Amino acid sequence: MKRSSGVRLCATVAVSVLSFALVTGCSDGGSGNSPEEGSARKALSTAELRKLIVTKAELPGYEVGPVTEARAKRITTDDADCVPLTRVMSGLPPTDAPASTDRMATENARKQPSASPTSLEDLDEGEFEEAMRKSLDRDVTTVTLASYEGDGAEQAMKSLSAAVKACAGGFTGRQAGAEVRFTKVAEEKPAGGGDASVAFAATAKEDQSDGGGAAPVHAEVDRHGSTVSVYFTTNLGAMMARKAYTVTPAVVRAQESRLK
13 MKRSSGVRLC ATVAVSVLSF ALVTGCSDGG SGNSPEEGSA RKALSTAELR
63 KLIVTKAELP GYEVGPVTEA RAKRITTDDA DCVPLTRVMS GLPPTDAPAS
113 TDRMATENAR KQPSASPTSL EDLDEGEFEE AMRKSLDRDV TTVTLASYEG
163 DGAEQAMKSL SAAVKACAGG FTGRQAGAEV RFTKVAEEKP AGGGDASVAF
213 AATAKEDQSD GGGAAPVHAE VDRHGSTVSV YFTTNLGAMM ARKAYTVTPA
263 VVRAQESRLK
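Each number in this note's numbering corresponds to the 1-based position in the sequence shown with 12 added.
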């Protein structure tokens, strides 16, 4: 049984995009100041941030736990203007922060009909690819909280907003020896709020042998006073099906409720 195109598509997206842990997109959601002046703000400690980060109790239908080793591998770029983007794609705040903590929220697998074949070997190429796509069709979101002294949080947001604009035409990223070309970085509407928000989608170029399609990843960063919340969402099944998805709104809402 020949499954070359289906397997190639999965391998291309998985290796070139998801295992690469990518992200992108951006929308400048404002720059208002909180009641406390930026210069007087104090950074929260890591212990304080751990008390604020989202838990499974606020996210029914999701598993919430430590960020996996593969997901946490750092992405780099030679383009200095795009470094805030690769940091966010790595589950990090746009700029270095005195304190941070993170979690990974994984959507539970969707239930499939019980009348499915007992073995993947019983499936033809189209059925095999569809079964794989459905099994991978769930949002995986890295959530990071970081806190800054003074106006550090505002400066972090400005650096990310500038990177989205400067890198709109694309850039090359690297992670653990793998290289991916992002052809576009585009602004998106943020799901969260706070004092400022930046949301973006970065589109990675797929292998030409699979038609040279596009695989987008999505990210959002919101500021609440001296604290920024970073969200990086991928959905491999949606990428394979070329189906639209976004930073998971339920995850953003749950985390935002703990920061108000």
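Glycine included, every Cβ here is placed at the ideal spot set by N, Cα and C.
Please read these numbers as outputs of a predicted model, since none were measured by experiment.
- Judged by their CB atoms, Ala180 and Val197 are nearer to each other than the 8 angstroms cut-off.
- Of the residues Arg53, Ala208, Ser171, Glu81, the one whose Cα lies closest to the Cα of Ser241 is Ala208.
- Straight through space, the alpha carbons of Ile65 and Ala266 are spaced by roughly 9 angstroms.
- Note on Pro106: 16 or more other CB atoms within 10 angstroms of its CB, so buried under the neighbour-count rule.
- Shortest Cα-Cα distance from His236 to any of Gly205, Thr88, Ala175, Leu148 involves Gly205.
- Rounded to whole angstroms, the separation of the alpha carbons of Lys63 and Ala111 is 13 angstroms.
- Here Pro228 carries a strand assignment [DSSP, helix/strand/coil].
- Cβ-Cβ separation between Ala256 and Tyr243: approximately 17 angstroms, too far for a contact (criterion under 8 angstroms).
- Its Cα nearest to that of Val76, the residue Glu119 stands out among Thr58, Glu119, Ala109.
- Per DSSP, Lys68 lies in no beta strand (DSSP E) and is assigned neither H nor E.
- Cβ-Cβ distances below 6 angstroms link Ser269 to nothing in the same chain once the five nearest sequence neighbours on each side are left out.
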